[in-house]
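Engineer:
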Amino acid sequence: MSTQAIPRHESPKVVFYNDPKIRSLFFQFILLAAVIALFWFAYDNTLANLKKRNIAQGFGFWNVEAGFDISQTLISYSAASTYGRAFLVGLLNTLLVSGLSIFFATVIGVIIGVLRLSKNWVVSRLAGFYIELFRNIPLLLVLYFWYGAVLSSLPEPRDSIAIPGDIWLNSRGLLVPRPVILDQFWLVGWSIVLALGVAVAITRYARRRQAETGRRLPAGWLSTLVMIGLPLIVYFAAGQPLGLDLPVKGRFNINGGLNLAPELVAMVVGLSTYTAAFIAEAVRAGVVAVSKGQTEAAHSLGLTDGQTLRLVIMPQALRVIVPPLNSEFLSLTKNSSLGVSIGYPDLVNVFTGTVLNQTGQAVEMVSVTMLVYLSFSLLTSAFMNWFNTRVALVER
Amino acid sequence: MKKIIAAAVVAAASFGLVTGASAGTLDNVKAKGQLVCGANPGTAGFGVPDEKGNWTGLDVEYCRAIAAAIFNDPTKVKFVPLSSKDRFTALASGEVDVLVRNSTWTMSRETTLGVIWAGINFYDGQGFMVNKKLGVKSASELDGASICVQQGTTTELNLADYFRSTGKKYQVVTFGTSEEALKAYDTGRCDAYTTDRSGLAADRLSMAKPDDNVILPEVISKEPLGPLVRQGDDQWLNLVKWVHFALLIAEEDGITQANVDEKVKSDDPEIKRILGTDGKFGESLGLSNAWVVQIVKAVGNYGEMFERNVGPKTPLQLARASNALWNKGGLQYAPPIR
Amino acid sequence: MTDAISPSGAFVRSTVIGEQRPPHRVSGPVLWIRENLFSSLLNSVLTLVFVASVLWVLPGLIRFMFITPVWVAESSKDCSADLLKHPVGACWGFVNAHLGYLFYGQYPAVERWRVDIFYALEALGLIWILAPKAPFKPAGLVFFFLIFPIAGFILLSGMTSIGLATVQTHYWGGFLVTIVISTVGIVASLPIGVLLALGRRSKMPISRLVCVIMIEFVRGVPLITVLFMANVMFPLFVPEGWRPDSLLRVLVGVGFFSAAYMAEAVRGGLQAIPRGQYEAAQALGLGYWQMMIKIILPQALKIVIPNIVNNFIGLFKDTTLVAIVGIFDFLRTIQASLSDPNWRSAEMPLAAYLFAAFIYFIFCYGMARYSLSMERRLQTGNRH
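Protein chains in written order, with my numbering: chain S, 89 to 484; chain U, 58 to 395; chain R, 673 to 1056.
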């Protein structure tokens, strides 16, 4: 045995390639080089390929006349408009169908989620069946079903189904009276704003009064009354400044009114029935996550069932529900890109479909479309971060 | 991990990802032993596969003619069905060697899509099909109608132009594939369906009740349809172009599938040049000198192809009209082989 | 008064209460019905409304699907109520007539036994790695993630040297393509997903950045745009002359996409492993990869099996999207058959879509049940 003592304060000698720091730098360098090389490879090839095949590049197309029509436009658009305008039309159509579907999906989803929690065996089983069914079939099939099997078997325009209230339903869609805003309508608009302000003031006053005196005002009823009553009074006082453009039967189609094309109807119905199943599941999980002790504690404080739900259960359940709900909204928005499969003119259909085909600039179209969706998702996660910090449990 | 990568490389290689260095298209085709041809997924008379995957049609036979010229075997073709939406990217990206798929020759397509036409194998124009019970006799009566159209076509643009120039209103319903557009028309989503008139003739036959549908007399556009290739490979462009011309010249000189063997023995100097008994025209294209013989033996001349697939005796019943040879009042004209 | 107030003021009963009758109690079905269905007015109304609507829909549906359907048909004419002069239900004849096409695509009829063997191998592999009690688990993993993909590929696309005729991917279709895409998705996404997840939790800033960008980018865009990218942009990224097969391009896109989601699932598992496990491994002198492969990943992956299966369900449903870039998957072959002029009719889609829903539901629901049972199993497994 060697008697030589090991020097105490000298750090063990490490060969440079075993030094964790150097190793880590080395690996990162390799990774970075590989990523850069890969991108360079793709970039270089793309340039060479585009050049060799004489394919146009850049965003010059943005101001070029599009030359094609789009079946549903929220802003004025004609074949004489530019590709840029067509992009905007597609984007707005995506936002429209997502917005409508998010609304209906939330309503249906919350109802089904609550029914699923019901103690009623029949109700809860049926809600469960709905959830399981839609969670286990592809969305595309749901869309095909509504579009190809339900809406397309509706009668032709000349045999339209008349629904009381000047509403017509046929294979070309749902026609409803279109409200036409007349001159004096701004009065009604302002009265709504005013009513909102009054309602907020009532609620605040009621809260302060309760804090000070302990007596409660029926603030909910009062504000509802103001919000409905005031605009109504103004509406009639201003001489009913709202006209209706009624749908009228024409030679081919029913003309006038507001035509909700079957593509739009199928998208909204399909997306909301499908997403509702996921929302219902999120709602159920959120309510279940609140422990039963909370309900019992609230009851023992003398709160009624309604108060318990509103003041104790919901604030806690929402903290659990909102994050998954939010990601459902995001995936619904992304799923609206399936419009291309049934001819709904959403962003993907118009931009990566028609515009890509007419210009041939695949790289630009696909990248722009991806960027749009990416910014949706970044906005959503920014909102989520804000929400999470806001509702985070404040603990001592 | 390494094993997985190795497996992936093997899989990728056998998937046909790596086919070696980028040589000319002709060399690639010869090396692979088959021509990859972008075809119409289903337009009777032009390109349609039956249930067993056997393709028929005028455009399909153009691919067979090219394969016959290269390999002396018209079966060495792989057909890739392409929707109108995917076709140009498929060609530009190299997925197919040649696209013969009722594609309209336009200036912007050649200047921006990286493709180039080799000729016009069918002179066509856009029309409308409507259901008989609507009682429409002319396209001018289509004011306010819903019209189904396929995405990514000149048809879509012509339609907009037509209604813009006539100042009428219409509602367009756009679909990704022609079959979806047609199905939508058939189930009553639209009053009219529009595409090239040759396509309309084929599509009308595919309806549940063909006689319930009429093709309106108006032709609202010029639609020169023909085979096209990628830009940047002139040898390949020449080959496809001259296969097309050879088919026309064969008809002009009366060389048919039946008599081509006799014609080879002919003393006529022009026929000797065409059939390769004189000169080295085939070799200059990178083919054998008997290339025209191979083509005609496989598919016949242009006239025979037309009669067999779309002519008056077929269900499509299309007349030669503009597609007759130049010396018979049509537009089909080929430069001489010399 | 028998009760008295004791001097201390406490209430004390001084006598025993006599025996009382048991509380009125109903047991069995009546109690169950009363408690579950008619506990309140609202509940009773709900019960009645729901039962009534089920009774209203169900008989018609059963008649449509099982009593009056047409089982064998040559074309839509055989299913037309107008021509048959009596009402008819679902046209199962449509499904019957297209069965081969729906499950094999245009795969040559004489070679379809190869697809059958492929299906069988797939089932064997899945049962092997998923069944909790199956023996030789490591061998099963090697089989499913290595042997099966290669063997399956050779089997399907053919290898002339061993006497299997080449079948180009262009002829593959229907359910076969659905299975191929989802299998490749899962087989490719697991290793890539694990690497991405490790990269995201790594201490090296650059590798973390690269992985975060990859994952968040893919998760932020719809699958369709990834497929478009794979379809129209990928060929531009590689030198001319490489000609990626159209199915291969889609597979690359799907693998890429599902890897990002898999990475997030795996990351959840990695985060759930207590720090002590890492420290214990390091104390034993294990290096990073040894620690990960021998200690951390086996535990982390076990925890996230339910999430992985749920991802797989999502992937299985998402395979339908490949139809939009022109690949003939199961749903697309149904659509194509519906467009066939011989079968085009207004009633046909309902039967066809019911059948499609049935097939997708069986597979997804089966996996969902499995994932649920695994979750329960894991929960009990963690109890000490």
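Backbone N, C-alpha and C define an ideal beta-carbon position, used for all residues, glycine too. Nothing here was measured: the structure is a model prediction, and the numbers come from that model.
Any beta-carbon of chain U closer than 7 Å to the one on Ile-143(S)?
Structural biologist: Ile-143(S) counts as touching chain U.
Engineer: Let me see if you follow: with CB-CB separation under 7 Å, is Val-904(R) close to chain U or not?
Structural biologist: It does; some Cβ of chain U falls within 7 Å.
Engineer: Considering Cα atoms alone, identify which of Asn-979(R), Ala-762(R), Gly-830(R), Phe-817(R) is closest to Arg-786(R).
Structural biologist: Measuring from the Cα of Arg-786(R), the nearest candidate turns out to be Gly-830(R).
Engineer: Could you check whether Met-315(S) and Tyr-432(S) sit closer than 7 Å to each other, using their CB atoms as the reference points?
Structural biologist: No, the pair does not count as a contact, with Cβ atoms beyond the cut-off.
Engineer: Would you tell me roughly how many angstroms separate the C-alpha atoms of Gly-343(U) and Cys-94(U), rounded to the nearest one?
Structural biologist: Computed Cα separation, rounded: 19 Å.
Engineer: Can the beta-carbon of Tyr-461(S) be found less than 7 Å from the beta-carbon of Val-893(R)?
Structural biologist: Against a cut-off of 7 Å, the Cβ pair of Val-893(R) and Tyr-461(S) comes out as a contact.
Engineer: Less than 7 Å separating the beta-carbons of Val-322(S) and Leu-352(S)?
Structural biologist: Cβ atoms of Val-322(S) and Leu-352(S): not closer than 7 Å.
Engineer: Cβ of Gln-962(R) less than 7 Å from any chain U Cβ?
Structural biologist: No, Gln-962(R) does not count as interfacial toward chain U.
Engineer: Exposed or buried, which one is Glu-691(R) when buried takes at least 16 other CB atoms within 10 Å?
Structural biologist: Glu-691(R) comes out exposed.
Engineer: Would you tell me roughly how many angstroms separate the C-alpha atoms of Gly-387(U) and Ser-189(S), rounded to the nearest one?
Structural biologist: Gly-387(U) and Ser-189(S): Cα-Cα distance of roughly 56 Å.
Engineer: Suppose you measure from the CA of Arg-330(U) to the CA of Arg-287(U); what does that come to, to the nearest Å?
Structural biologist: The straight-line gap from Cα to Cα measures roughly 29 Å.
Engineer: What is the DSSP secondary structure of Leu-954(R), counted as helix, strand or coil?
Structural biologist: At residue 954(R) the sequence reads Gln, which differs from the Leu that was named. Gln-954(R): helix per DSSP, three-state reduction.
Engineer: Starting from Ile-878(R), find everything on chain S with Cβ-Cβ shorter than 7 Å and list it in chain order.
Structural biologist: Neighbours of Ile-878(R) on chain S, chain order: Gln-116, Leu-119, Leu-120.
Engineer: If you pair each beta-carbon of the stretch 330-349 of chain S with each one of the stretch 260-274 of chain S, do three or more pairs fall below 8 Å?
Structural biologist: Cβ pair count under 8 Å is three or more, so yes.
Engineer: What would DSSP say about Val-849(R), mapped onto helix, strand or coil?
Structural biologist: It is helical.
Engineer: Report all residues from its chain with a CB closer than 8 Å to the CB of Asn-715(R); omit the five preceding and five following residues, and keep chain order.
Structural biologist: Contacts found: Leu-709.
Engineer: Go to Ser-930(R), then tell me how far its alpha helix (DSSP H) extends in each direction, as first and last residue.
Structural biologist: Per DSSP, Ser-930(R) belongs to the alpha helix (DSSP H) from 918-944.
Engineer: Would you list the one or two residues that DSSP bridges to Gln-228(U)?
Structural biologist: Gln-228(U) is bridged to Ser-203(U).
Engineer: Roughly how many angstroms separate the alpha carbons of Val-882(R) and Trp-150(S), rounded to a whole number?
Structural biologist: The alpha-carbon atoms of Val-882(R) and Trp-150(S) are separated by roughly 32 Å.
Engineer: So Val-428(S) contacts chain U; which residues on that side make the cut at Cβ distance below 7 Å?
Structural biologist: In chain order: Gly-233.
Engineer: Please report whether the beta-carbon of Ala-823(R) lies at a distance below 7 Å from any beta-carbon of chain S.
Structural biologist: Ala-823(R) does not count as touching chain S.
Engineer: Give a yes or no on whether the minimum CB-CB distance between Val-230(U) and chain S is below 7 Å.
Structural biologist: Answer yes: the Cβ-Cβ gap between Val-230(U) and chain S drops below 7 Å somewhere.
Engineer: On the premise that Asp-243(U) lies in contact with Ala-265(U), defined as a C-beta separation below 8 Å, what is that separation, rounded to the nearest angstrom?
Structural biologist: Confirmed, about 7 Å.
Engineer: So Thr-442(S) contacts chain U; which residues on that side make the cut at Cβ distance below 9 Å?
Structural biologist: Within 9 Å Cβ-Cβ: Lys-142, Gln-208, Gly-209, Glu-213, Thr-231.
Engineer: Strictly under 7 Å for the Cβ-Cβ distance: is Phe-185(U) near chain S by that measure?
Structural biologist: It does not: the Cβ of Phe-185(U) has no partner Cβ on chain S nearer than 7 Å.
Engineer: Could you check what DSSP says for Asn-151(S) in three-state terms: helix, strand or coil?
Structural biologist: If DSSP states are grouped into helix, strand and coil, Asn-151(S) belongs with the helices.
Engineer: At a CB-CB cut-off below 9 Å, which residues of chain S make contact with Thr-146(U)?
Structural biologist: Those are Leu-444, Asn-445, Gly-448, Ala-450, listed as they occur along chain S.
Engineer: For Ile-158(S), tell me which candidate among Glu-319(U), Thr-223(U), Glu-152(U), Thr-231(U) has the shortest Cα-Cα distance.
Structural biologist: Taking only the C-alpha atoms, the option nearest Ile-158(S) is Thr-231(U).
Engineer: Can you list the residues of chain S that Thr-244(U) reaches, using a CB-CB cut of under 9 Å?
Structural biologist: Within 9 Å Cβ-Cβ: Gly-236, Ser-240, Ser-241, Ser-259.
Engineer: Closer than 8 Å by beta-carbon distance: list the chain R residues that pair up with Ala-265(U), in chain order.
Structural biologist: What Ala-265(U) touches in chain R: Ser-748, Pro-1013, Arg-1016, Ser-1017.
Engineer: Can you grab the Cα-Cα spacing for the pair Asn-137(S) / Val-172(U), in whole Å?
Structural biologist: Distance between the alpha carbons of Asn-137(S) and Val-172(U) is about 12 Å.
Engineer: Residues in its own chain within less than 8 Å of Pro-916(R) by CB, not counting five upstream and five downstream?
Structural biologist: Excluding residues within five positions, the ones whose Cβ falls inside 8 Å are Phe-906, Pro-907, Val-910, Val-924.
Engineer: Give the interface partners of Lys-140(S) over in chain U, defined as CB-CB distance under 7 Å, in chain order.
Structural biologist: Within 7 Å Cβ-Cβ: Gly-289.
Engineer: Between the stretch 827-841 of chain R and the stretch 859-869 of chain R, do at least 3 Cβ pairs fall closer than 8 Å?
Structural biologist: The answer is no - the stretch 859-869 of chain R does not touch the stretch 827-841 of chain R, with fewer than three Cβ pairs under 8 Å.
Engineer: What's the C-alpha gap between Gly-193(U) and Leu-273(U)?
Structural biologist: The question names Gly, but residue 193(U) is Val in the sequence shown. Their backbone Cα atoms lie some 8 Å apart in a straight line.
Engineer: Measuring only between beta-carbons, confirm whether Gly-333(U) sits less than 7 Å from chain S.
Structural biologist: Judged by the 7 Å Cβ criterion, Gly-333(U) is not in contact with chain S.
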